[in-house]
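Engineer:
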Amino acid sequence: MELRAGAFAALLGTALVAASPLARAADLPQLGQSPLRDVIAAMTREEKVGLVMGTGMTFPGQPPDLQAPVVGATTAGVPGAAGTTLAIPRLGIPSIVVADGPAGLRIQPTRKGQDGRTYYCTAFPVATSLASSWDVDLVERVGRAMGDEVKEYGVDVLLAPALNIHRNPLGGRNFEYYSEDPLVAGRMAAAMVRGVQSQGVGTSVKHFAANNHEWNRNTIDVKVSARALREIYLRGFEIVVREAGPWTVMSSYNKVNGTYTSESPALLQGVLRDDWKFDGLVMTDWFGGKDPVAQMIAGNELLMPGTARQRRELLAALESGALKEEVLDRNVERVLALVLRTPTFHHYVHTDRPDLKAHAEEARPAAAEGMVLLRNQGALPLKAPAKVALFGNSAYATITGGTGSGDVNEAYVVSLAQGLKDAGLAVDRRLAEAYPPYIKQAEGKRPPMPMPFMLPPPIAEMAVSAEEVSRLARDADLALVSIGRNSGEFRDRTLLDDFELTAAEKALLQAVASAVHGQNKKLVVVLNVGGVIETASWRDLADAILLAWQPGQEAGHAIADVLLGRTPPSGKLATTFPVRWQDVPSSAGFPGKTLVGPDPNARGPFSGDRAAEVAYDDDIWVGYRHFATKGVTPAYPFGFGMSYAAFGYSGLTLSPPASDRSLTALVTVTNTGTVAGREVVQMYVSAPGQSMPKPALELRGFAKTRLLAPGASQVLTFTLSPRDLASFDAASSSWKVEAGTYTVKIGASSADIRQTATFTRAAESIDRSSR
Ligand code: BGC
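Just so you know, we're using my numbering here: the sequence shown kicks off at 1217 and counts up by one.
So this is what it looks like as structure tokens:
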């Protein structure tokens, strides 16, 4: 035994020797007891370098230089977690654990040698769905439940929330992100961070920044103006950093204007720390960036998951002087500051038994609140009992969330079919018996994926014969067709057969619509999707369309709750649904262009990535900023969503009526309908636009009423600070507020403004409350 330990120590160097209890001299500084300075001074160079990178990760087909670094690879972590940091026991430094992700904790649900013991997590609705609730309190509650699972499963930092902007509908990870608008994204992310961190665990807001598509994500250079960067792509991060103080930020894979974000002092020091006063830690995305020395200098303190190459290069750079010891020490100090905050450091004894039942009870209303009623020609709410002809693969294999690191290993999924049955509706037996075996067989025929968490190709819609459709139109009380979409890391979506419906889906909708309408019955369409799809060409076939998103594990229950009006629909779109994909300005250059040949420096599991660039020529004209300003009619505008109730808006007042400081806007919302409902109210501002081009309107606030009974009213309050009026002026690198007349527009959507009021600012000013 002694011999073996000695051989290991010789192999691994100082860390193991140091970790031996014999070496723990009483006078060694200890983390948490001694000044950080002393702890760092007691560390060897190898230990310091080991601490600024994770302890590695293995995956199939791994190139040799990505193997785990040799110092201290931990086996004590949580199986299925994304990474761990180095333990240095002789200095009282434990290894901490980080794990994904945005829709719930992602860890392995079972462990070798532990028969019967499970580690399932709750699959909450995806971020796009949460954002569509426009309810920050709800998102905070979801965050609290997620944070509890993080803590009880022994994880220290959740790698979430993700808040990149929905720049284009085809972005493969849009489901993990909130919105096309930075205010919605930032506020939602801030609520999530508050919720998760209230449990005493950390978050990692990601991916900082301008990581809006998957194509060549490890090499792509995003060419973007300073104004668009600040106003659109950084603004959400600014809000979450300033409002919620995330423990960590994750830099992104891409370059911005020629520099990898993880190697960019301008972003990591200038913007994040100097301008926004971020005091946490920055980690890379997994295998992100190229040059570990540049990453250290830029202030990307933790390289994840940590590789042998990085370790070699950092040690060599310390030797040559290319990396100064002070820079390394600064980064080590920030890693230690993070460790000090964690449950692991505080010896929290986790139970491995979070209250999954209670969390499922949070997930269900959260999913329902995010659903958006896009169309309703008298078809909804449904009344039980009724017999439903239920079509669509996703009605039986309901998609809870996307794939990749945004996936969750949940214990069960309530399918739409099951949800309808549990709500007292009868689902046609023949269909219910035909779909599951069809899906199972088709799944069995799919090719294996190169990496286990990559999305396999979709299964074609099951064909249903014309006779069967006519029989169902006669027998059932209504038809319901579910259209499903999935996507995930590594790949963007496609225009054909993904954004647009497949031929089989169109044929199914047409056949069912004509059969049920021939019988004077209704067709309801449920969209079980993670992102935007084309709706304009087929929506007239449907009597109602409910955008259910990817609603998490309680999917079927939550959809039934909304269809039956047990939870009135109150979600609104946080992302525009265009008529055609080509109507979105970023589509012109999407996804970008490859430069010469494969990138010889491309490394990592994604080494197929080629040098590439994308010009963000759409500049600040993203989403409704474009549609509203250029007068392009979308299929469904930003902020749109219907209700079973109706709402009147009245009495908008601004106080004080003009001010160089903050203004308050008050508006009364009244339920003028016949059933209870909640209304999402949006405050937009139109600026004079004399010194620089301004969108026709920009979202500057939002609020959601409580559940209002028919006839009930609520006064909603919004504040408007000078910064809310400002645009980023690249020449002076400052936020400028123009002089002139501003219009406050209170609306039910970006295209449905109900109340307006104006105020004037006498002189141009620079907002000095922030840079
Ligand atoms: C993703 C991150 C994730 C990380 C760890 C990367 O591929 O881009 O969002 O947190 O993996 O799983």
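Just so you know, even glycine gets a beta-carbon here, dropped at the ideal spot from N, CA and C. In this text the structure is predicted, and so the values were computed from the model without any measurement.
Tell me whether residue 1705, by its Cβ, gets closer than 7 Å to a heavy atom of ligand 1.
Structural biologist: Residue numbering aside, residue 1705 sits at position 489 when the sequence shown is read from its first letter. At least one heavy atom of ligand 1 is nearer than 7 Å to the Cβ of residue 1705, so yes.
Engineer: Based on DSSP bridge pairs, tell me the residues matched to residue 1340.
Structural biologist: Start at 1 with the first residue of the sequence shown, and residue 1340 comes out as number 124. Its beta-bridge partners do not exist; DSSP assigns none.
Engineer: Residue 1562 by DSSP, collapsed to three states: which one?
Structural biologist: As a position in the sequence shown, residue 1562 is number 346, starting the count at 1. Three-state DSSP puts residue 1562 in coil, outside helix and strand.
Engineer: Is residue 1429 near ligand 2, judged by its Cβ being under 7 Å from some heavy atom?
Structural biologist: Absent from the structure shown: ligand 2. Ligands present: ligand 1.
Engineer: Excluding sequence positions up to five away, which residues of its chain have a Cβ less than 8 Å from the Cβ of residue 1627?
Structural biologist: For the purposes of this step, residue 1627 is taken as residue 411 along the sequence shown, with counting starting at 1. Within the same chain, residue 1627 has close Cβ partners 1325, 1334, 1336, 1572 and 1769.
Engineer: Please check the pair residue 1702 and residue 1671, which I expect to be a contact at CB under 8 Å, by giving their CB distance rounded to whole angstroms.
Structural biologist: Your numbering for residue 1702 matches position 486 in the sequence shown. Your numbering for residue 1671 matches position 455 in the sequence shown. Contact holds; Cβ gap of about 6 Å.
Engineer: Considering only heavy atoms of ligand 1, list every residue whose Cβ is less than 5 Å from one of them, following chain order.
Structural biologist: With 5 Å as the limit, the residues whose C-beta approaches a heavy atom of ligand 1 more closely than that are 1298, 1316, 1375, 1501, 1502 and 1621, in chain order.
Engineer: Keeping to the same chain, check which residues put their C-beta closer than 7 Å to that of residue 1392; ignore five residues upstream and five downstream.
Structural biologist: Sequence index remark: in the sequence shown, residue 1392 carries index 176 (1-based). Same-chain partners within the cutoff: 1318, 1342, 1343, 1378, 1618 and 1622.
Engineer: If you drop the 5 nearest sequence neighbours on each side, which residues of the same chain put their C-beta closer than 7 Å to that of residue 1290?
Structural biologist: For the purposes of this step, residue 1290 is identified with residue 74 of the sequence shown, where counting begins at 1. In this predicted model, residue 1290 has a pLDDT of only 46, less than 50, meaning its place in the structure is not dependable enough to derive any value.
Engineer: Could you check which residue in 1950, 1707 and 1695 has the C-alpha nearest to that of residue 1761?
Structural biologist: Along the sequence shown, read from residue 1 onward, the residue named residue 1761 stands at position 545. Of the candidates 1950, 1707 and 1695, the one whose C-alpha sits nearest the C-alpha of residue 1761 is 1695.
Engineer: Based on the DSSP output, what are the partners of residue 1368 in its beta bridges?
Structural biologist: To locate residue 1368, count along the sequence shown from 1; it is residue 152. Residue 1368 pairs with nothing; no bridge assigned.
Engineer: So if DSSP puts residue 1744 in a beta bridge, which residue, or which two residues, is it bridged to?
Structural biologist: In the sequence shown, residue 1744 corresponds to position 528, counting from 1. Residue 1744 is bridged by DSSP to 1700.
Engineer: Give me the residue from 1513, 1892, 1691 and 1710 with the minimum Cα distance to residue 1430.
Structural biologist: Your numbering for residue 1430 matches position 214 in the sequence shown. Minimum Cα distance to residue 1430 is reached at 1710.
Engineer: Which of the three DSSP states is assigned to residue 1382 in this structure?
Structural biologist: The count along the sequence shown starts at 1 and reaches residue 1382 at position 166. Coil at residue 1382, not helix or strand.
Engineer: Could you spell out the range, first to last residue, of the beta strand (DSSP E) harbouring residue 1968?
Structural biologist: As a first step, residue 1968 is located in the sequence shown; it is residue number 752 there, counting from the start. Element bounds for residue 1968: 1968-1977.
Engineer: Can you tell me whether residue 1909 is buried or exposed? The criterion is at least 16 other CB atoms within 10 Å of its CB, across all chains shown.
Structural biologist: Within the sequence shown, the letter at position 693 stands for residue 1909. Residue 1909 sits exposed, since fewer than 16 C-beta atoms from the chains shown fall within 10 Å of its C-beta.
Engineer: With respect to the beta strand (DSSP E) encompassing residue 1943, which residues constitute its N-terminal and C-terminal limits?
Structural biologist: The residue given as residue 1943 occupies position 727 in the sequence shown. Counted as a single uninterrupted DSSP element, the beta strand (DSSP E) harbouring residue 1943 occupies residues 1943-1945.
Engineer: Write down the C-beta distance between residue 1840 and residue 1853 rounded to the nearest angstrom, noting that I regard them as a contact closer than 8 Å.
Structural biologist: For the purposes of this step, residue 1840 is taken as residue 624 along the sequence shown, with counting starting at 1. For the purposes of this step, residue 1853 is taken as residue 637 along the sequence shown, with counting starting at 1. Indeed, because the Cβ distance is near 6 Å, the residues count as touching under 8 Å.
Engineer: Cβ atoms of residue 1466 and residue 1420: under 8 Å apart, would you say?
Structural biologist: Against the sequence shown, residue 1420 aligns to sequence position 204. Against the sequence shown, residue 1466 aligns to sequence position 250. Yes. Within cutoff.
Engineer: I'd like to know whether the C-beta atoms of residue 1316 and residue 1298 end up nearer to each other than 8 Å.
Structural biologist: Residue mapping note: residue 1316 aligns to position 100 of the sequence shown, counting from 1. Residue mapping note: residue 1298 aligns to position 82 of the sequence shown, counting from 1. In this structure, residue 1298 lies closer than 8 Å to residue 1316 by Cβ.
Engineer: Relative to the C-alpha of residue 1654, which candidate in 1635, 1501 and 1607 has its C-alpha closest?
Structural biologist: Counted from its first residue, the sequence shown places residue 1654 at position 438. If we check each option's Cα against that of residue 1654, 1607 comes out closest.
Engineer: From which residue to which residue does the alpha helix (DSSP H) around residue 1404 run?
Structural biologist: Position 188 of the sequence shown, counting from 1, holds the residue named residue 1404. Here the alpha helix (DSSP H) through residue 1404 covers 1398-1413.
Engineer: For residue 1594, count the other beta carbons within 10 Å of its own beta carbon; 16 or more makes it buried, fewer makes it exposed. Which is it?
Structural biologist: Translated into positions along the sequence shown, residue 1594 becomes position 378. That one is exposed.
Engineer: Quick one: give me the first and last residue of the alpha helix (DSSP H) that residue 1860 is part of.
Structural biologist: In the sequence shown, the residue the question calls residue 1860 occupies position 644. Residue 1860 -> no alpha helix (DSSP H), and no H or E assigned at all.
Engineer: Can you tell me whether residue 1469 is helix, strand or coil according to DSSP?
Structural biologist: Counting from 1 along the sequence shown, the entry for residue 1469 is found at position 253. If DSSP states are grouped into helix, strand and coil, residue 1469 belongs with coil.
Engineer: Mapping the DSSP letters down to three states, classify residue 1655 as helix, strand or coil.
Structural biologist: Within the sequence shown, residue 1655 is the residue found at index 439, counting from 1. Residue 1655 falls in the helix class under three-state DSSP.
Engineer: Give, in chain order, every unbroken run of the beta strand (DSSP E) that is at least 3 residues long and sits entirely within the stretch 1881-1926.
Structural biologist: 1896-1902 and 1914-1920
Engineer: Pull the bridge partners of residue 1695 from the DSSP assignment, please.
Structural biologist: Walking along the sequence shown from the start, residue 1695 turns up at place 479. Answer is 1605 and 1739, bridged to residue 1695.
Engineer: Name the DSSP bridge partner or partners of residue 1864?
Structural biologist: Indexing the sequence shown from 1 puts residue 1864 at position 648. According to DSSP, residue 1864 bridges with 1886.
Engineer: Going along the chain, which residues of its own chain have a beta-carbon closer than 6 Å to the beta-carbon of residue 1810, five neighbours each way excluded?
Structural biologist: Walking along the sequence shown from the start, residue 1810 turns up at place 594. The residues are 1826 and 1828.
Engineer: Decide if residue 1614 is buried, meaning its Cβ has at least 16 other Cβ atoms within 10 Å, or exposed.
Structural biologist: Taking the first residue of the sequence shown as position 1, residue 1614 is located at position 398. It is buried - the Cβ of residue 1614 has at least 16 other Cβ atoms within 10 Å.
Engineer: Near residue 1441, what residues of its chain come up, given a Cβ to Cβ distance below 6 Å and the 5 sequence neighbours on each side ignored?
Structural biologist: The residue labelled residue 1441 in the question sits at position 225 within the sequence shown. Answer for residue 1441: 1835, listed in chain order.
Engineer: Helix, strand or coil: which one does DSSP assign to residue 1304?
Structural biologist: Here residue 1304 corresponds to residue number 88 of the sequence shown, with the count starting at 1. Strand at residue 1304.
Engineer: Are the CB atoms of residue 1468 and residue 1425 within a distance shorter than 8 Å?
Structural biologist: As a first step, residue 1425 must be located in the sequence shown, where it is residue number 209. As a first step, residue 1468 must be located in the sequence shown, where it is residue number 252. At a Cβ-Cβ threshold of 8 Å, residue 1425 and residue 1468 count as neighbours.
Engineer: Given a threshold of 16 other Cβ atoms within 10 Å of its Cβ, counted over all protein chains shown, does residue 1906 qualify as buried or as exposed?
Structural biologist: Locating residue 1906 in the sequence shown gives position 690, where the first residue counts as 1. Per the 10 Å Cβ criterion, exposed.
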